[in-house]
Structure formats: structure tokens, C-alpha cells
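What follows is a short report on a single structure.
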Amino acid sequence: MGSEEGKSATIIVFSGALDKVMAGFIIATTAAAMGMEVTMFFTFWGLSALRKGGPAEGECARNWMQKMLGMMLPKRAADLPLSQLNMGGMGAGMLKTIMSQKSFSTLPELIEAAQEMEVRMIACQMSMDAMGICREELIDGVEVAGAATYVGEARDSAINLFIS
Amino acid sequence: MGSEEGKSATIIVFSGALDKVMAGFIIATTAAAMGMEVTMFFTFWGLSALRKGGPAEGECARNWMQKMLGMMLPKRAADLPLSQLNMGGMGAGMLKTIMSQKSFSTLPELIEAAQEMEVRMIACQMSMDAMGICREELIDGVEVAGAATYVGEARDSAINLFIS
Amino acid sequence: MGSEEGKSATIIVFSGALDKVMAGFIIATTAAAMGMEVTMFFTFWGLSALRKGGPAEGECARNWMQKMLGMMLPKRAADLPLSQLNMGGMGAGMLKTIMSQKSFSTLPELIEAAQEMEVRMIACQMSMDAMGICREELIDGVEVAGAATYVGEARDSAINLFIS
């Protein structure tokens, strides 16, 4: 933990909306490109952004409520809805089309870029337990930790954001 | 105001959604347990988390619009809806069930823990005026103050979050 | 960029909801009144708060999807909806009525106050491109910049908030 004061940033990604998660990754990759150490914490709905899709291989204990919740949540970053004007996915599709016309990075590309830039990605243990999301469902390279890890990082960081 | 720089945290709770308010209290109690001084500011929809329920005893001046608003808002922390998948309260109920199976603290328990750990809770005066929420409707131990109190605290704090 | 450490604040306004944007401006103007240098970054839905209304004079290149998006978004600060209980504008109208009875500032008044207090307002270039919002559609005095400008400001600021 730690790092020279003023040189690091933390971003809590609580939301699972495409537009908000993208904003988090744009800030994270920009800060990393500018030499900052960046840690992203994914909690609650934000965990969806780290799911890798496909059949849930994870065999952590889940009851029927958690299974139902797991089915209702987006299975991977590419499936996230917009926070507004989603219109059953049409809004998200339009945004993706426009962004591809402009040659902006997609969310999966931003996530990959963040990993290459060594942005730390931490999934919240408690949220995973509550939502029945197993470690095996998440993309590689993600750490699992709790709120104390977050607070320990944030109190020495120059930028701390909560994206809800 | 003040406190040694880098040792305190502020959290604005703007949202009145169960999941978001819980996230605020989890961070607040974790930071307090790690020795930080924590101040939470409740504004707009977030005020609902501080209402103690029961008949509104507060007799502050209210017009019919404010009374209507007061009736539409949740009456206490235990009644808050989820920000997503609430499904008329079923989603919130499911989350509570899962969390109780996991022995996680409920929101009322987290609030009590925060008070025992001397987390300062401040209700925004202006929001109370706008929404017609009286001091008497709020749980004990809550202070009432304005934006200047917030800014004074935040500019000397190591962690500042806005939960919207 | 820069400014003496601990004396400045940044606020990202990602949301286009009346209540959230107002919260951002209340904090911004309070901090400015207390002597802090304040920079607000408007991104995604938050850009709506900076549109000046009237026919879109901006003649930046836009395809039909961007034109449609531009029509669906609020045309100016006074038209923003509430994030909750908006009820087709009735909720926003009620809030405005109550706030005017209490002699609180309206959002357009807060924006004007912020400009008089030299709060810097920056519109996110990438969001403008994605949403097809032209410089000419925005109120005067707004700068246009990108995420690197934000990170450069935020890492030297005492308060950094993300209002989503």
C-alpha cells in the first residue's frame, strides 16, 4: 500500500452503467499515462464490468436468490447498459456506433489498456459474497479485497473518486 | 473543524438508495475503525436515511408540496429502496435476506456502529428546508449545518467522496 | 494548472439531473466564496447544464444519431429534470416552486454566480464529440478540454468530487 503522497489515485466503480464505467476507465488510464499509480475498486453493480461472460464456471456457493441476481446482471463489460436513454440497449448501441465512428476506444479496449498500464483492479469481497459472484467469473488479473484495503489506499492518494 | 491533515475523511450522501447509503456507511465505519475522523453529510435524497420513522412529529413550517414530498420519501433507513432492480421492494428484500444469511450488518446496524465510533453525521440545512424535513424527524445525534461546514471539513481531509 | 496545494477543488459533473447539478454548483460557489480555486468539468449528461437553449446554431459535423441525441437531451439548465420523482417535470417544477418560496437561488442564478466568482467551467471534448454538442451551443466562458487537463488539476487539489 501507500506510494509517495500525491502520486496516486483511487476510483470506486459502484455503478454498472456503460457510460459511468467508461468515465472511470478514461480517468484511470489518463492518470496512469501521466505517471500516477491508479487503483480501481469495483463494488456492487460495478462488478459486472469485470465479469468475463460465458457460462458461469465459478462454483462458489450460491443460493437461488444469488443465482437469479447473477442472471439478471450483465455478463460482461460489452453488455453494460447506459444509465439513461438505454431504450432496451438501443441507446448503448448508438453510443458505441458513434464512438467507433470517432475511433474512440471501446470499454473492453479501455479495460485492456488499463491492465497494460498496470492499473490495479480490485473487486470488493463483500459485494461478491452478497451478489454470489465467484472469482472465476471475473477477468484475469483482478485482485479481491475489502474496504480496509480501499481506505488504506485512498488516504494516501491525491485523487479519490466515487462513481455511483 | 480541521484535524491533522490526511487523517480525516468526508462523505456526502446525496443518494437515498439502500445500496449506495450502505456503501457510504461501510466506508465510514471502516475508516473510523482505522483511526480516521469521519464526517458524513446527508443532503437531498440522502436525508431519508436519517429519518427515524413513525408519525412526523416535527412541526416545522411546511406547505402542501413539502408535505406531499415528505410522504413520498422513505420514512426511515430500513425502508430505503435499491437504486436498481428494486422491483417494488422485492430486490431490496432479497438483498437484505442474502446479507443476513451472510451475517453482514444491516443499514440500521451500520448507522448505530457509526454513531458508536463517533462518525459525525450532518444533515444539510438547505435540503431540509427544501424538502420540509424537520429536525425532530431525524435520528438523535445528527447535527444540522450548511455547505460551508462541508467545504471547511473537506479541504483538510484526505478522502472526500460524493455518493450520488 | 496548479495553484497552491490544498487550496483548490475540482468537481466532475457527469449527471444532467437538476438536483445533482445544483449540488455541484452549491459546493462550487461555497468553496469559491471561501477563497478556493474551483474547476468544474462537465462530461456526458452534465453537458446539458451548459447548453444555452434556442436553435442549435452550432454547425459542427453531426450525423443523424447525434442529432437525435441532441434533441432528446435538455436544451438548457432551466430544463433539467430531477433524478427522482421527476414525474414528467412536475417534480422539478415543485422543487423550483419551493426553492423560490425559500428564496434559494435557481440553477441559472447559481451558474451566473459561479461565473462571477471565476469558477472555471470546462466542457469535456470527448463527450462533446460523442454527443454531437458544438461549442456554439454552450454558454459563454466555458473552456473545452480533455481528461488530461482534469487529472492535472485534480492531483493538486484538496477536494475532488465526481457527481454521477
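Protein chains in written order, with the working numbering: chain A, 1 to 164; chain B, 1001 to 1164; chain C, 2001 to 2164. Glycine residues also receive a C-beta, built at the ideal position from the N, C-alpha and C atoms. Because the structure is a prediction, the values reported are computed rather than measured.
- The alpha helix (DSSP H) runs of length 4 or more contained entirely in the segment 2016-2079 of chain C are, from start to end of the chain, 2018-2033, 2064-2072.
- Across the structure, M1117(B) and L95(A) are spaced so that their CA atoms are roughly 45 Å apart.
- Residue pairing by DSSP places E2143(C) opposite I2122(C) in a beta bridge.
- Contact annotation, A158(A) with R2062(C): C-beta distance approximately 37 Å; criterion of less than 8 Å not satisfied.
- Nearest to G54(A) by C-alpha distance, out of I98(A), I26(A), M126(A), D79(A), is D79(A).
- Contact note: R2135(C) does not reach chain A at a C-beta cutoff of 9 Å; the least C-beta distance is about 16 Å.
- Within the same chain, no Cβ atom closer than 7 Å to the Cβ of Q84(A) is found once the five residues on either side in sequence are excluded.
- L1082(B) carries a coil assignment under DSSP once its states are collapsed to helix, strand and coil.
- Here L107(A) really is in contact with L18(A); their C-beta atoms are around 6 Å apart, less than 8 Å.
- As the crow flies, the alpha-carbon of A1009(B) is around 8 Å from that of A1031(B).
- According to DSSP, residue pairing for L2161(C) in a beta bridge involves I2011(C).
- Under the DSSP definition of a beta bridge, L2138(C) partners with R2051(C).
- Residue environment analysis places M2121(C) among the buried positions, since at least 16 neighbouring C-beta atoms fall within 10 angstroms of its C-beta.
- In this structure, L2073(C) and M2128(C) do not form a Cβ contact; the two beta carbons are roughly 12 Å apart against a cut-off of 8 Å.
- Here T1039(B) is not near C1124(B), since their CB atoms are 9 Å or more apart.
- In the three-state scheme derived from DSSP, where H, G and I count as helix and E and B as strand, M1094(B) is classed as helix.
- Check the Cα spacing between G70(A) and each of T149(A), V142(A), A130(A), M36(A): the tightest is with A130(A).
- I2111(C): member of the alpha helix (DSSP H) spanning 2107-2116, first to last residue.
- For a cut-off of 8 Å, the C-beta gap from I1011(B) to A1033(B) is around 15 Å, too long to register as a contact.
- A direct Cα-Cα distance of roughly 17 Å separates L1110(B) from P1081(B).
- It is roughly 9 Å from the alpha-carbon of R2051(C) to the alpha-carbon of R2135(C).
- Under the three-state reduction of DSSP output, G2132(C) falls in the coil class, being neither helix nor strand.
- At the C-beta level, I163(A) and F2014(C) come within 9 Å of one another.
- The closest CA to that of Q2101(C), considering only A1114(B), A1092(B), M1126(B), Q1115(B), is found on M1126(B).
- The beta carbon of M2036(C) sits closer than 7 Å to those of K2007, S2008, A2009, all from its chain and outside the five residues before and after it, given in chain order.
- At a cut-off of 9 Å between beta carbons, I2012(C) contacts chain A.
- V21(A) is not a Cβ neighbour of A113(A), given a cutoff of 9 Å.
- Collapsing the DSSP output to three states places S1100(B) in a helix.
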